[in-house]
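Everything on this sheet refers to the single structure shown next.
Residue numbers (the working numbering), protein chains in the order written: chain A, 1 to 444; chain B, 1 to 444.
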């Protein structure tokens with residue numbers, strides 16, 4: 001059951017209602033551990049439902065589960081319906097403030113829930129939520145004894161990793177999933193260009209892709225390409241080994257299904273190729289067959305807070321990405337910070353701070369921290385910005401070669417590859433060690 | 001020479017001019033260390049001039065010195081003359097923001113000063129500045145390799161240490177400095193009460209103490225007692241073994257000088273006693289003989305930002321203090337959070353958050369951090385809230401039994417007790433170790 005609480009602001013005066021979900025069915029009180037999900041950019045109930053791992057290990061750990069919603073997302077809106085009205089209201093949407101909210105919530109639970117006072121708390125999160133869980137342990141080691149940061153690209157910031165690696169991984173996923181799959185997607189951009197150069201071509205594409213809004217000009221074709229690019233990226237993120245519904249309802253190994261429609265030889269015509277692309281896109285957007293048309297203004301679940309994340313990218317979360325069309329299957333595009341900054345200025349009246357995340361969260365210099373697991377999937381493009389090697393004995397990497405975006409956090413499944421089963425077992429082993437450490441140090 | 005720079009705000013848009021001072025005369029570039037003073041609640045030039053220790057060790061360490069001013073103090077006013085106008089402007093005066101300023105400044109210096117890129121940085125600070133240096137290492141271990149937190153009461157927060165210890169130490173300082181000294185101060189409060197109960201008595205006291213503003217009623221007498229109490233506290237803080245001018249110009253071992261005027265037997269009359277108190281107070285307020293009258297609205301140097309610190313106490317820096325009149329020489333007064341909170345609400349329109357500092361800076365649970373020296377003086381009342389024992393091998397305490405408030409940070413003096421000489425030598429030894437560690441890890 002969702003609970004709603006008041007939490008303080010930076011301004012010691014202001015408070016807002018923060019939502020969090022709790023499950024104490026298996027909690028062994030007093031002192032049983034708490035698994036605390038550090039909510040990311042969306043509705044917390046959605047993350048809660050997509051983090052089966054926590055539900056599955058609660059009993060064996062005797063753990064209470066808490067899922068805390070990130071301020072400015074879901075129902076945790078500091079200024080209610082005005083929360084997104086201008087940078088004045090958005091000014092309190094920062095990752096540091098979100099971490100402080102989590103800290104205050106935990107301290108509050110510990111002091112008010114009977115039996116929780118000495119409970120060790122472990123932070124768990126995936127994606128941006130995983131970044132938050134890692135940073136939470138770094139900044140508040142007094143509050144959480146350790147963190148599982150699943151598919152958390154804490155190094156996807158300026159100067160830390162090559163900007164092209166993200167799209168390289170997307171491309172590899174397609175390359176390994178079907179004959180000529182990446183090559184034909186690489187080819188498709190030019191085909192779109194060619195076909196969309198005439199009114200008839202634009203109309204054909206509109207019909208072929210069953211678009212809700214017709215393509216009318218070159219500008220529309222540009223937006224259409226961006227939408228397709230994002231579609232391929234999303235498929236790479238959710239290339240799970242079983243039928244699932246995370247960003248969209250999808251078959252098992254969806255990229256393999258997509259690639260069946262893209263297995264052309266080099267002799268393929270533009271129209272043939274785009275028909276294949278259209279069928280491929282519909283695997284992603286219409287697997288259930290319930291969509292009457294494809295909406296190019298949306299690429300994923302509405303449970304994610306697109307606008308809030310955009311603002312965060314325009315302030316702290318500056319994540320350089322680029323393509324070259326050679327090592328990846330996309331049209332070449334350099335990382336252009338200035339253009340991005342100008343866009344942010346137009347939309348939100350703010351400009352991003354490229355170095356901030358590195359300064360505040362340590363960048364690659366994090367050796368002095370401890371008790372963080374960084375798990376990453378080999379299929380997941382976000383692993384490009386993740387920690388994929390052991391930094392120290394207690395800042396460890398777990399690689400899941402057959403895993404997409406935070407597969408380890410999902411409910412277990414008969415189709416799970418052995419690598420993710422092993423990863424989960426190892427994660428629980430670390431959890432147990434951290435809990436033991438905490439008990440020891442609190443009794444000494 | 002003071003330099004002035006722009007630094008970002010929480011709001012990624014706003015910037016303000018932050019002052020910092022630099023000395024690179026002895027700096028061995030490239031890569032020589034930086035000693036970075038984390039400025040506290042006042043004019044940075046004053047702290048700079050009272051931190052001789054850094055100036056004295058710069059040559060042997062080949063170090064550059066940087067003294068960074070804390071936002072809202074000295075010349076570093078984010079909103080210029082409006083900075084203190086209401087809680088709306090004061091909202092950005094927090095220790096977390098100050099730490100972020102320091103981090104950004106250091107990253108900036110490293111990227112712009114030739115030869116500084118690989119310089120290990122050590123944070124140094126005294127008093128609140130010492131708290132900041134400890135917290136800086138805790139929160140930004142990527143920016144500073146270690147910290148010297150001198151006389152830093154990081155545990156002077158609710159629930160961490162007994163609220164009466166502070167005044168007990170003040171009392172002990174007086175008890176050991178002269179015959180019946182503490183007993184006669186304890187007695188003086190009642191004497192003030194008695195004498196101030198008549199108009200003639202009030203006038204006598206005004207003349208005896210050479211007050212700039214005459215005492216007119218009971219309320220004035222109450223304020224007068226508070227002023228005296230603060231005077232004794234300040235004397236305890238600056239009970240240095242040589243003539244010095246920190247809060248005021250004072251003789252060596254000033255409490256011994258003060259106590260000469262308070263060495264009465266139990267037969268002393270109220271008037272005799274208060275004459276002694278008046279002479280004692282004038283040691284503090286008129287050692288140079290240049291004051292024509294005593295101003296009860298001020299107790300120390302104008303270089304400290306009283307109003308800013310008051311605001312910080314009313315938000316984050318909630319430091320419980322209490323007296324019982326038995327274990328200390330003051331009138332009994334309990335710690336009353338509610339009354340304090342109400343006062344804050346009247347003055348600034350904010351209410352303090354009692355638990356915040358503990359949540360954000362870890363309270364007594366800081367074992368997972370490293371490379372911090374906590375030095376404390378046995379004469380310093382602030383040692384009551386300090387770390388006075390080793391927490392781990394790299395969170396170490398250095399005690400200076402004959403030292404008052406951050407004596408170790410001051411210029412060396414022929415009258416320095418051996419304990420402070422030993423403390424400084426040990427501090428430099430740790431600095432060298434941290435620098436060595438940093439060089440090793442940057443080459444590996």
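Note that CB positions come from ideal geometry on N, CA and C, so glycine has one too.
- Excluding residues up to 5 positions away in sequence, 314, 350, 351, 352 lie with their Cβ nearer than 7 Å to the Cβ of residue 344 (chain A) in the same chain.
- Within the DSSP secondary-structure output, residue 333 (chain A) pairs in a beta bridge with A:323.
- Counting only unbroken stretches of 3 or more residues, the beta strand (DSSP E) elements lying wholly within the segment 351-388 of chain A are 372-377, in sequence order.
- In the displayed model, residue 245 (chain B) falls within a strand according to three-state DSSP.
- Pairing residue 149 (chain A) with residue 431 (chain A) gives a Cβ-Cβ distance that is not under 8 Å.
- Residue burial is scored here from C-beta neighbours: residue 347 (chain A) has fewer than 16 other C-beta atoms within 10 angstroms and is therefore classed as exposed.
- Within chain A, no C-beta atom comes nearer than 9 Å to that of residue 390 (chain B); the closest sits roughly 14 Å away.
- Shown here, residue 268 (chain B) sits in coil according to DSSP, grouped into three states, outside any helix or strand.
- Residue 170 (chain B) places its beta carbon 8 Å or farther from that of residue 103 (chain A).
- If the five residues before and after residue 435 (chain A) are omitted, its C-beta is found closer than 6 Å to the C-beta atoms of 33, 120, all from its own chain and listed in chain order.
- Residue pairing for residue 396 (chain B): DSSP places it in a beta bridge opposite B:373.
- Distance from the CA atom of residue 118 (chain B) to the CA atom of residue 36 (chain B), rounded to whole angstroms, is 15 Å.
- Annotation for residue 146 (chain B): the continuous beta strand (DSSP E) segment containing it runs 146-150.
- In this structure, DSSP gives residue 201 (chain A) a helical state, which the three-state scheme calls helix.
- Within chain B, not a single residue places a beta-carbon under 8 Å from that of residue 277 (chain A); the smallest gap is close to 39 Å.
- A distance below 6 Å between beta-carbons, with the five flanking residues on each side excluded, links residue 58 (chain B) to the following residues of its chain, in chain order: 26, 65.
- In the assembly as shown, residue 38 (chain A) is a buried residue. Its beta-carbon has 16 or more other beta-carbons within 10 Å.
- Residue 123 (chain A): not part of any alpha helix (DSSP H); member of the beta strand (DSSP E) spanning 121-126, first to last residue.
- At a cut-off of 8 Å between beta carbons, residue 380 (chain A) makes no contact with chain B.
- One thing to note: residue 299 (chain B) has its Cβ within 8 Å of the Cβ of residue 234 (chain B).
- Against residue 360 (chain A), the close residues of chain B are 100, 103, 140, in the order they occur along the chain (beta-carbon pairs closer than 8 Å).
- Taking C-beta atoms as the reference points, residue 357 (chain A) and residue 136 (chain A) fail to come closer than 8 Å.
- Counting C-beta pairs with one atom in each stretch, the segment 122-139 of chain A and the segment 281-295 of chain A have fewer than three that are closer than 8 Å, which means they do not touch.
- In the displayed model, residue 52 (chain A) falls within a helix according to three-state DSSP.
- In the DSSP assignment, the residues bridged to residue 23 (chain B) are B:65.
- In terms of CA proximity to residue 412 (chain A), A:421 leads the group A:405, A:406, A:421.
- Assignment of residue 38 (chain A) by DSSP, reduced to helix, strand and coil, places it in the strand class.
- Nearest C-alpha to residue 428 (chain A) among A:42, A:45, A:53, A:389: A:53.
- Contact with chain A is absent for residue 18 (chain B), since none of that chain's Cβ atoms lies less than 8 Å from the residue's Cβ.
- For residue 104 (chain B), the enclosing alpha helix (DSSP H) covers residues 95-112.
- Minimum Cα-Cα distance from residue 385 (chain A) among the listed residues A:305, A:182, A:162 corresponds to A:162.
- In this structure, residue 151 (chain B) and residue 382 (chain B) form a Cβ contact; the two beta carbons are roughly 5 Å apart against a cut-off of 8 Å.
- Taking the C-beta atoms as reference points, residue 281 (chain B) is found nearer than 8 Å to residue 209 (chain B).
- Within the segment 365-379 of chain A, those residues whose Cβ lies closer than 9 Å to any Cβ of chain B are, in chain order, 365, 366, 367, 368, 369, 370, 371.
- The straight-line gap separating the alpha-carbon atoms of residue 122 (chain B) and residue 89 (chain A) is approximately 37 Å.
- For residue 261 (chain B), no alpha helix (DSSP H) segment is defined, and its DSSP state is neither H nor E.
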